[in-house]
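Everything on this sheet refers to the single structure shown next.
Residue numbers (the numbering used here): 29 to 89.
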């Protein structure tokens, strides 16, 4: 595997942090939602954010 530049590493860290924040916010919104469709939307968004974060973290292995 090729080395990741320092700039790419910083960008990855920023993206991972952003998706982590999004995941937490979407979970909180889902917990507060009363409409089942809205709740499901936020739950799916939270799951998608977590999956994307995990995919990005694979670049660090």
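Every residue gets a Cβ at the ideal spot worked out from N, C-alpha and C, and that includes glycine.
Remember, it's a predicted structure, so these values are computed and weren't measured experimentally.
Between residue 58 and the set 73, 46 and 83, the nearest pair of CA atoms involves 73.
Closest by C-alpha distance to residue 84, out of 52, 48 and 30, is 48.
Secondary structure at residue 49: helix, using DSSP grouped into helix, strand and coil. For residue 31, there is no enclosing alpha helix (DSSP H), as DSSP marks it with neither H nor E. Taking the C-beta atoms as reference points, residue 51 is found nearer than 8 Å to residue 78. Residue 33 has its alpha-carbon roughly 18 Å from the corresponding atom of residue 45.
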